[in-house]
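Here the structure comes first, spelled out in structure tokens, and everything after it is commentary.
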Amino acid sequence: MGSRRSARIIALQALYQIDICNKTKDNVLSFDWLDREFDGYTLNFSKKLIEGSLKHQNYIDSIIVAQLEHWDLDRLSYIDRAILRFSTFSLFFQDDIPDTVVINEAVDLAKIFGTDDSYKFVNGVLDGIRKGKGEK
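Under this note's numbering, the first residue of the sequence shown carries the number 26, and numbering increases by one thereafter.
Have a look at this one:
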């Protein structure tokens with residue numbers, strides 16, 4: 026598994042913990058909850074995803090909500106919400122990563138960690154966000 030894939034999984038787990046367990050940013054960024062060692066690059070990339078998602082959460086959430094039809098953010102599963110948050114952060118704030126890569130990685134993680142239909146939902150929301158990026 027690549028470093029960035031591992032970093033995205035760590036970000037997913039961290040944002041999930043913040044959302045469901047009310048962990049603080051400092052708690053999750055200590056990375057003492059990880060069950061194995063990761064190299065500095067992986068942890069730094071993960072830290073950027075986590076910190077960026079949290080720093081811009083209101084903006085990110087508004088972009089996600091604009092794509093949801095007849096849903097609000099609280100109705101999403103914790104996993105889907107975490108994936109959408111750090112992926113939306115990547116789409117808007119990590120210009121060095123192609124949008125297609127961000128979406129493909131999010132879809133893959135949704136297939137692994139989400140429900141049977143999560144990957145379709147995540148793909149649809151992120152594709153809509155990608156298409157609307159130029160309008161912001």
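Ideal Cβ positions, reconstructed from N, Cα and C, are used throughout, including at glycine.
Self-check item: Of the residues E76, S143, W96, R155, the one placed nearest T113, counting alpha carbons only
Solution: R155
Quiz prompt | For D124, the three-state DSSP class (helix, strand or coil) | solution = helix
Quiz item: Can you list, in chain order, the residues of its chain whose CB lies under 8 Å from that of D124, leaving out five sequence neighbours each side?
Solution: L116, R155, K158
Quiz item: Does DSSP put D44 in a helix, in a strand, or in coil?
Solution: helix
Quiz item: When you compare only the Cα positions, how much space is there between F138 and I108?
Solution: 10 Å
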